[in-house]
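Enquirer: Residue numbers (the working numbering), protein chains in the order written: chain A, 721 to 1127; chain B, 721 to 1127. From the three backbone atoms N, C-alpha and C, an ideal C-beta is built for every residue, glycine too.
Quick look at the structure:
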């Protein structure tokens, strides 16, 4: 039996929407004195022990915080400490020690066990964290129910804005909340490139189910977005469930399982699309759906390949309905394709069908490409599987931003 | 026993350097009346039957000319007809018929069997060839020994210049020639994206050995270059050997085998690097060598992954020694990496070693990055395998060019 449910968006809320979560942030000066006084050190705290789930970069050179947090995920946690400005990657023993010390500093401040603290870092690779500044800054963080917005600011790097979302989930059994914050604007690609996301809920969820639901949600959202094809060393999604709503614990057979899955999926989708919309230099959100694939893996791979095509992204920036680049990306994706069955659509325009280009109103298509969100639909007509991927267009501004980032 | 040999560059020569090859080109108006009167239809002819070898795109949606030529390669051929301006891809039965007709038109002009003609096309995807114009134009092509330069021009699209190379190969047994022409500036990626290359030699070479040598040479040259990560539907490399030098036939055990392999490798390398140098908007040639890999496949994959990193390409454009992006690309490449053994160098600068960033003179590194050709060397220190890949930097100009190409 599945409960019916309804999602109510909670504007202005993120990681502290759910009961029992507090957050805050401060300026530690991690990028150096010359950096603007941007918040760069955030802390998220759960008043009750929370079950945790996480997904991480598959990079063979993961950041030090990834190594520390990966070892702790799945156990009950109380807090997450995170900084921007320095990714703490390729930093050797000293970097690993620093990541551990960050969890100790948070634990000291909060009076909890360091093993109950997760850590994440984002920013430049290959520099050491300025630990003296972090030691001085952690005690200054003020944790409040309203601190989610500051936390969301503290995790940003080249992001032009913060990314937060929260819902109240109304069910017959009562309501729970789920919300989150994310960062990411460049180095975004399938497999979660420089992307951090922190999701909290006051529903109680069984740990294995929590991890399973997160993995599922990430597969169709964060792992299906692309800004520039790069996977980062630091990608991390944390999900904390503290049970403060009084509902649960929810497992796969619980009537609330469907509502939780749907709400978590919606949080991940909103944050993932926000990351793409805020892609470095981006002017368009490109949504690519591949239908009729012979396997789910091929549907995902093909949709990502089309969405990630650098020349297609540049064409869309130029409002050029150059669907040949869809053909090129699709052909190269490795998915089974039969030219005779293939259908390619741009919004409402059918561009290719029955093995042949279809004449279309090029001027109308160019007007369509002026919209902020554009849809490309590919029907392979070979099987029952489908997937969607999202990307941003490629602009001169992306190049400018990425030519001058570190030095 | 291996003969010693010496390569002498023949400046200004390409596909007609080798004895018995003639070429020419004309303006057919394939892109329409409004296009500048750029040569767009080329013909290459061998006075004697030539053994042929070829490698093609692995796209699941190959161009019609790829389908036609793939079926003929390996047999003796006499001619190659090629056009730019229209790739004849995703054009259905009509497009396939047109590709076949192109070989018939060439055969009629030359008085040979259509089965002895190969065909290639490059340009926009999804439009039909203007066959009336091609029918009118083929007879107008004048074949000469000096026509290689016009042929090289006729195959270009967004290329800013032609790409030709030729060598006289001096051996104890006498000399032979080998030369070629290529096109390609965008949609260039491992696995030969929109890239055409035509290579001719007057050495006689056994067909199976010819194909084997070409495959080997392409693997370490054309398949190791990247401009924008796209693999095209039309990538083709043809190699014709007509025996007119009087040397050969050369098989694997012939004393001339080494000289042929080396000369073919050099022709492919020169053309591949020329393509990258002429990458759309490119200002730098980036050479990435990965050493110490646990397998050849991993060495190739890792070197391509680093060379293809969009954010690294943008950083190099900005003369930013942001080696963290090397770490990110390497980590994501799937190759075995041990952070503690990894060494990363930029030119003479060691940037990362023994698990830690190495302090370096950032200003001197920025001056190094002002050079037209920059080298990144990664030593994984895990095994005996190495590979090199080449790419161009990513510039605002690339985006501009790719925003306005078709319409």
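Specify the secondary structure class of residue 845 of chain B as computed by DSSP and reduced to three states.
Expert: Position 125 of the second chain, counting from 1, holds the residue named residue 845 of chain B. Under the three-state reduction of DSSP, residue 845 of chain B is assigned to coil, being neither helix nor strand.
Enquirer: Could you tell me the alpha carbon to alpha carbon distance between residue 730 of chain B and residue 899 of chain B, rounded to whole angstroms?
Expert: Start at 1 with the first residue of the second chain, and residue 730 of chain B comes out as number 10. Start at 1 with the first residue of the second chain, and residue 899 of chain B comes out as number 179. Straight-line Cα distance between these residues: approximately 9 angstroms.
Enquirer: Measuring CB to CB, does residue 1044 of chain A end up less than 9 angstroms from residue 810 of chain B?
Expert: The residue labelled residue 1044 of chain A in the question sits at position 324 within the first chain. The residue labelled residue 810 of chain B in the question sits at position 90 within the second chain. Yes.
Enquirer: In whole angstroms, give me the CA-to-CA distance for residue 666 of chain A and residue 816 of chain A.
Expert: Examination of residue 666 of chain A is not possible in this model, given that chain A is present from 721 through 1127 alone.
Enquirer: At a cut of 8 angstroms, does the region 952–965 of chain B reach the region 920–939 of chain B through at least three beta carbon pairs?
Expert: yes
Enquirer: Please state if the CB of residue 902 of chain B and the CB of residue 875 of chain B are separated by a distance shorter than 9 angstroms.
Expert: Taking the second chain and counting its residues from 1, the one referred to as residue 875 of chain B is at position 155. Taking the second chain and counting its residues from 1, the one referred to as residue 902 of chain B is at position 182. Taking 9 angstroms as the Cβ cut-off, residue 875 of chain B and residue 902 of chain B qualify as a contacting pair.
Enquirer: When the cut-off is 9 angstroms and only beta carbons count, does residue 956 of chain A lie next to chain B?
Expert: Residue numbering aside, residue 956 of chain A sits at position 236 when the first chain is read from its first letter. So no, residue 956 of chain A is outside the interface.
Enquirer: Between B:751, B:795 and B:1088, which has its C-alpha nearest residue 930 of chain B's C-alpha?
Expert: Taking the second chain and counting its residues from 1, one reaches residue 930 of chain B at position 210. Residue B:795 is the option with its Cα nearest to residue 930 of chain B.
Enquirer: Along chain A, which residues have their Cβ under 8 angstroms away from the Cβ of residue 1050 of chain B?
Expert: For the purposes of this step, residue 1050 of chain B is taken as residue 330 along the second chain, with counting starting at 1. Under the 8 angstroms cutoff, chain A gives 780 and 781.
Enquirer: Considering only the beta carbon of each residue, do residue 1112 of chain B and residue 1001 of chain B sit closer than 9 angstroms?
Expert: Taking the second chain and counting its residues from 1, the one referred to as residue 1112 of chain B is at position 392. Taking the second chain and counting its residues from 1, the one referred to as residue 1001 of chain B is at position 281. In this structure, residue 1001 of chain B lies closer than 9 angstroms to residue 1112 of chain B by Cβ.
Enquirer: Pull the bridge partners of residue 866 of chain B from the DSSP assignment, please.
Expert: As a position in the second chain, residue 866 of chain B is number 146, starting the count at 1. In the DSSP output, where bridge partners are listed per residue, residue 866 of chain B has none listed.
Enquirer: With a threshold of 9 angstroms between beta-carbons, can residue 1020 of chain B be considered close to chain A, or not?
Expert: The residue given as residue 1020 of chain B occupies position 300 in the second chain. Judged by the 9 angstroms Cβ criterion, residue 1020 of chain B is not in contact with chain A.
Enquirer: Cβ closer than 8 angstroms: which chain B residues qualify as neighbours of residue 846 of chain A?
Expert: Counting from 1 along the first chain, the entry for residue 846 of chain A is found at position 126. Counting only Cβ-Cβ distances below 8 angstroms, residue 846 of chain A has contacts in chain B at 1043, 1044, 1047, 1071, 1072 and 1077, in chain order.
Enquirer: Below 8 angstroms CB to CB, which residues in the same chain sit around residue 969 of chain A once its five sequence neighbours on both sides are set aside?
Expert: Translated into positions along the first chain, residue 969 of chain A becomes position 249. Residues 924, 925, 926 and 963 of the same chain have their beta carbon placed closer than 8 angstroms to that of residue 969 of chain A, with the five preceding and five following residues left out of the count.
Enquirer: Is it right to say residue 732 of chain B is buried, meaning 16 or more other beta carbons lie within 10 angstroms of its own, or is it exposed?
Expert: Locating residue 732 of chain B in the second chain gives position 12, counting from the first residue. With fewer than 16 other Cβ atoms within 10 Å, it is exposed.
Enquirer: Using three-state DSSP, classify residue 859 of chain A as helix, strand or coil.
Expert: Against the first chain, residue 859 of chain A aligns to sequence position 139. Secondary structure at residue 859 of chain A: helix, using DSSP grouped into helix, strand and coil.
Enquirer: Name the one or two DSSP bridge partners that residue 1009 of chain B has.
Expert: By one-based count along the second chain, residue 1009 of chain B stands at place 289. DSSP lists B:1097 and B:1108 as partners of residue 1009 of chain B.
Enquirer: Does the Cβ of residue 994 of chain A have 16 or more other Cβ atoms within 10 Å, making it buried, or fewer, making it exposed?
Expert: Here residue 994 of chain A is taken as the residue at index 274 of the first chain, counted from 1. The residue in question, residue 994 of chain A, is buried, as its Cβ has 16 or more Cβ neighbours within 10 Å.
Enquirer: Against chain B, with Cβ distances strictly below 9 angstroms, would residue 953 of chain A count as a contact?
Expert: Counting from one through the first chain, the residue named residue 953 of chain A turns up at place 233. Interface residue (Cβ-Cβ distance to chain B less than 9 angstroms): residue 953 of chain A is classified as such.
Enquirer: Smallest Cα separation from residue 818 of chain B: which of B:830, B:984 and B:788?
Expert: The sequence position of residue 818 of chain B within the second chain is 98, counting from 1. Comparing C-alpha distances from residue 818 of chain B to each of B:830, B:984 and B:788 shows the shortest one belongs to B:788.
Enquirer: Return the residue from the list A:760, A:1053, A:934 and A:999 that minimises the CA-CA distance to residue 842 of chain A.
Expert: As a first step, residue 842 of chain A is located in the first chain; it is residue number 122 there, counting from the start. Nearest of A:760, A:1053, A:934 and A:999 to residue 842 of chain A, Cα basis: A:760.
Enquirer: In or out: residue 865 of chain B buried (at least 16 other Cβ within 10 Å) or exposed?
Expert: Position 145 of the second chain, counted from the first residue, corresponds to residue 865 of chain B. Residue 865 of chain B comes out exposed.
Enquirer: When the distance is taken between beta carbons, is residue 829 of chain A closer than 9 angstroms to residue 781 of chain A?
Expert: To locate residue 781 of chain A, count along the first chain from 1; it is residue 61. To locate residue 829 of chain A, count along the first chain from 1; it is residue 109. In this structure, residue 829 of chain A does not lie closer than 9 angstroms to residue 781 of chain A by Cβ.
Enquirer: Between residue 1053 of chain B and the rest of its own chain, which residues show a CB-CB distance below 6 angstroms, the 5 nearest in sequence each way excluded?
Expert: Sequence index remark: in the second chain, residue 1053 of chain B carries index 333 (1-based). 1021, 1022 and 1025, listed in sequence order.
Enquirer: Let's see if you can read the secondary structure: which residues bound the alpha helix (DSSP H) around residue 980 of chain A?
Expert: The sequence position of residue 980 of chain A within the first chain is 260, counting from 1. Residue 980 of chain A -> alpha helix (DSSP H) spans 977–997.
Enquirer: Counting beta carbon pairs with one atom in the region 977–984 of chain B and one in the region 1077–1088 of chain B, are three or more of them shorter than 8 angstroms?
Expert: no
Enquirer: Determine the contact status of residue 987 of chain B and residue 937 of chain B, defining contact as a CB-CB distance below 9 angstroms.
Expert: Sequence index remark: in the second chain, residue 987 of chain B carries index 267 (1-based). Sequence index remark: in the second chain, residue 937 of chain B carries index 217 (1-based). In contact: residue 987 of chain B and residue 937 of chain B (Cβ atoms closer than 9 angstroms).
Enquirer: With burial defined as no fewer than 16 other Cβ atoms inside 10 Å of the residue's Cβ, what is the status of residue 1082 of chain A: buried or exposed?
Expert: By 1-based counting over the first chain, the position of residue 1082 of chain A is 362. It is exposed - the Cβ of residue 1082 of chain A has fewer than 16 other Cβ atoms within 10 Å.
Enquirer: Using a Cβ-Cβ cut-off of less than 8 angstroms, list which residues of the region 812–839 of chain B approach chain A; keep chain order.
Expert: 812, 813 and 814
Enquirer: Going by other Cβ atoms of all chains shown within 10 Å of its Cβ, with 16 needed for buried, is residue 884 of chain B buried or exposed?
Expert: Here the question's residue 884 of chain B lines up with position 164 in the second chain. Burial call: buried.
Enquirer: Could you please give the first and the last residue of the uninterrupted beta strand (DSSP E) stretch that includes residue 820 of chain B?
Expert: For the purposes of this step, residue 820 of chain B is taken as the residue at position 100 of the second chain. That residue, residue 820 of chain B, is in no beta strand (DSSP E); its alpha helix (DSSP H) goes 812–830.
Enquirer: With contact counted as at least three CB pairs below 8 angstroms, one residue from each stretch, are the region 1000–1019 of chain B and the region 1053–1063 of chain B in contact?
Expert: yes
Enquirer: Less than 9 angstroms separating the beta-carbons of residue 932 of chain B and residue 1014 of chain B?
Expert: In the second chain, the residue the question calls residue 932 of chain B occupies position 212. In the second chain, the residue the question calls residue 1014 of chain B occupies position 294. It is not a contact, given that the beta carbons lie outside the stated cut-off.
Enquirer: Within 9 angstroms of any Cβ in chain B, is that where the Cβ of residue 938 of chain A sits?
Expert: Mapped onto the first chain, residue 938 of chain A falls at position 218. No, no contact with chain B.
Enquirer: From the DSSP output, in three-state form, read off residue 747 of chain B for me.
Expert: Taking the second chain and counting its residues from 1, the one referred to as residue 747 of chain B is at position 27. Here residue 747 of chain B sits in coil by DSSP.
Enquirer: Quick one: Cα of residue 1100 of chain B to Cα of residue 1047 of chain B, how far?
Expert: For the purposes of this step, residue 1100 of chain B is taken as the residue at position 380 of the second chain. For the purposes of this step, residue 1047 of chain B is taken as the residue at position 327 of the second chain. Cα to Cα, residue 1100 of chain B sits roughly 11 angstroms from residue 1047 of chain B.
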